[in-house]
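Novice:
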Amino acid sequence: MLKVGDVECAVLRSARRSVAIFIERDGSVSVRAPLSVSDEQLAKVVEKKLPWIYRNVALWRELNRGAPKKEYVSGESFYVAGNPCLLDVREDAAEPLSLIGDRLVLKRTHISKADELLRGLYRKLGYERLPAIVERYAPRMGVKPGRLRVWELQNRWASCSDKGNLNFHWRVLALPLDVLEYLVVHELAHIKHRNHTNDFWAEVEKVYPQWKGATEWLRVNGAGRSF
Ligand SMILES: [Zn+2]
C-alpha cells in the first residue's frame, strides 16, 4: 500500500513500461508500475494525479450508490432515451415493460422485476438510439468510431478506447437528451485527442457549443437522475 495525502493505493509492480493509475471495480485505487520505479517516485506520480483520482473516485461513488428508489407506481416519471416519460402500471399490458410513445408501460405482475426490466430496456434503447446520435456528429467531427457497446461501466458514463470503440453506461439513457448528446460528442472528440487538452475542448465546442451546461448538469445532478 502506498499512501499519498488521504489516498491509499495498492501497488502492483510488473515488467510493464509505464505507471498507470486505476479506479478498480470496487472503487479502490491501484497503481501499476514497472519494477524499477521506487515507492518515492511512485508517490510523486500519484500526487500529480490526485485531482484526477478524486474526480474519478467521486464519479465511481455516484454511479455505484443506490440511485433513489423508484416505487413503480403509475404517474412516476422517468427519463427514457432523453425524453421524460410517465409510468403506467397496468394489469393488461402485453409485455412486461414497454415504451409506448412517451409512456412506460409496466405489467403489474412484474413490479418486483422492474429494476431489471428497466435496465434491459435502457440497454436495448441504447443500441437503438445511440448509433443515430453518433452518426449525426461523427462526420462533422471528421472521425470514424469503431463498435459501440452499452453496458455497466464502473466509474464513468462513457469511454473511448484507443481503437475508437465507444462504451456507454446504460444509465446514460436515463439522462436528458442534451446531456446524452454531449456525452457522445465528448467520446467522439477523444478519437482525435486522448486527453482533456484545450484542443480537445475546442473540438467539442465546434459541434456542441453548449457543452458547459451539460457538464454542469452532470456535476449537479449526477447519477441522482439515473432511475
Ligand atoms: Zn473524457
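In the working numbering, the protein residues as written are -14 to 212. Ideal Cβ placement from N, Cα and C applies to all residues, glycine included. Values in this document were obtained by computation on a predicted structure and should not be read as measured data.
With H, G and I counted as helix, E and B as strand and the rest as coil, what does DSSP make of A143?
Specialist: DSSP places A143 in strand when its eight states are reduced to three.
Novice: Is DSSP giving D(-9) helix, strand or coil here?
Specialist: Coil at D(-9), not helix or strand.
Novice: If you measure between the beta carbons of V189 and W196, is that distance less than 7 Å?
Specialist: Yes, these two residues count as a Cβ contact at 7 Å.
Novice: Closest to L213 by CA distance: which of G131, L151, R2, G111 is it?
Specialist: The structure shown does not extend to residue 213, since the chain is modelled only from -14 through 212, so no value can be given for it.
Novice: Report all residues from its chain with a CB closer than 8 Å to the CB of I96; omit the five preceding and five following residues, and keep chain order.
Specialist: Contacts found: Y57, V74.
Novice: Verify whether the separation of the beta carbon atoms of A79 and R114 is less than 7 Å.
Specialist: No, these two residues do not count as a Cβ contact at 7 Å.
Novice: Apart from the five residues just before and just after G209, which ones in its own chain have a Cβ nearer than 6 Å to its Cβ?
Specialist: Confidence in G209 is poor, its pLDDT being 45 and thus under 50, which makes the residue's placement unreliable; the coordinate value appears in the next sentence. Closer than 6 Å at Cβ, skipping near neighbours: no residue.
Novice: With H, G and I counted as helix, E and B as strand and the rest as coil, what does DSSP make of D163?
Specialist: Here D163 sits in helix by DSSP.
Novice: Based on the DSSP output, what are the partners of Y64 in its beta bridges?
Specialist: Bridge partners of Y64: P69.
Novice: Who are the Cβ neighbours of V170 in its own chain at under 8 Å, not counting the five residues just before and after it?
Specialist: For V170, where only same-chain residues beyond five positions count, the Cβ hits under 8 Å are Y122, M126, V189, V192, Y193, W196.
Novice: Taking buried to mean at least 16 other C-beta atoms within 10 Å of its own C-beta, is W45 buried or exposed?
Specialist: Classification for W45: buried.
Novice: At a cut-off of 6 Å, would you count E25 as near ligand 2, judging by its Cβ distance to the nearest heavy atom?
Specialist: Ligand 2 is absent from the structure shown, which contains only ligand 1.
Novice: Can you confirm whether the stretch 15 to 28 touches the stretch 123 to 143 when touching is taken to mean that 3 or more C-beta pairs between the two stretches lie within less than 8 Å?
Specialist: No contact exists between the stretch 123 to 143 and the stretch 15 to 28.
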